[in-house]
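This report refers to the structure that appears directly beneath it.
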Amino acid sequence: MDIWKFYDVTHRYHEVCNPTSRAKLDELVGLLSLNPGSAVLDIACGKGELLTRLAERYEISGIGVDISPYCVTDAEQKLRERVPGAQIQILNMDGADYSPDQLLDLAMCIGASWVYKGHRGTLSALKTMTRPDALILVGEPFWLKDPDEAYLLAENLTRDKGRIQA
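Take the sequence shown: its letters are residues 12 to 177, numbered as in our numbering.
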């Protein structure tokens, strides 16, 4: 099975392809306090929920980038339905290959630091894309408690200095 089809099936009923709640997403959107027309980039945007909420609340312009054609289709449909006049473009490509035409007011990569080979690479890449006074938003899922060794073994995961690595 195509890996992106697999993820499409597993995330079919998820608004966001990361573990979070609507309340936390709403709180995050409120904290960003963007100006209308702010230029925003979302690397690995998934189904575009965060970009859509930002467009609804702040009338931003933006670009979402995702490697999954299924996520891109879902994101485009969501934008058409909820904010039909939004100045947001969704691109189907590897986020690591994207380079903006202008410096951004906000660059985000939520749950996908693997795109730039980890947190350091992600922060470095996003910094080159933003204005000096811009916001950079990076987030990753994490364990609330350490998983059992049996789970790690079954999933072929290992411990790495307090973190879990695939």
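Using N, Cα and C, we set each Cβ at its ideal position, and we do this for glycine too. Since the structure is predicted, the reported quantities are computational estimates derived from the model, not experimental observations.
Whose C-alpha, out of the options, is nearest the C-alpha of residue i?
i: D144; options: L65, S110, E60, L117; result: L117
i: E92; options: E151, I74, E67, S135; result: E67
i: L114; options: T141, P47, G106, L61; result: T141
i: P111; options: P95, I121, G73; result: G73
Look at the alpha carbon of residue i and the alpha carbon of residue j, and state the distance between them as a whole number of angstroms.
i: L102; j: H130; result: 23 Å
i: I71; j: Y81; result: 24 Å
i: Y109; j: L43; result: 23 Å
i: G59; j: Y69; result: 15 Å
i: I175; j: A165; result: Any answer about I175 is weak, because its pLDDT of 47 lies below 50 and its placement is not dependable; what the coordinates show is given next. Answer to the nearest angstrom: the Cα atoms are 13 Å apart.
i: E38; j: L52; result: 19 Å
i: D159; j: T169; result: 11 Å
i: L148; j: Q100; result: 19 Å
i: I78; j: W125; result: 12 Å
i: L134; j: L146; result: 11 Å
i: V94; j: L65; result: 10 Å
Assuming residue i and residue j form a contact by the criterion Cβ under 8 Å, report the distance between their Cβ atoms to the nearest whole angstrom.
i: K35; j: T63; result: With 8 Å as the limit, K35 and T63 do not qualify as a contact, their Cβ atoms being about 16 Å apart.
i: I54; j: M104; result: Not confirmed; about 10 Å, so no contact.
Taking all protein chains shown into account, do 16 or more other C-beta atoms lie within 10 angstroms of the C-beta of residue i, making it buried, or fewer, making it exposed?
i: Y127; result: buried
i: T139; result: exposed
i: A86; result: buried
i: G75; result: buried
i: A97; result: buried
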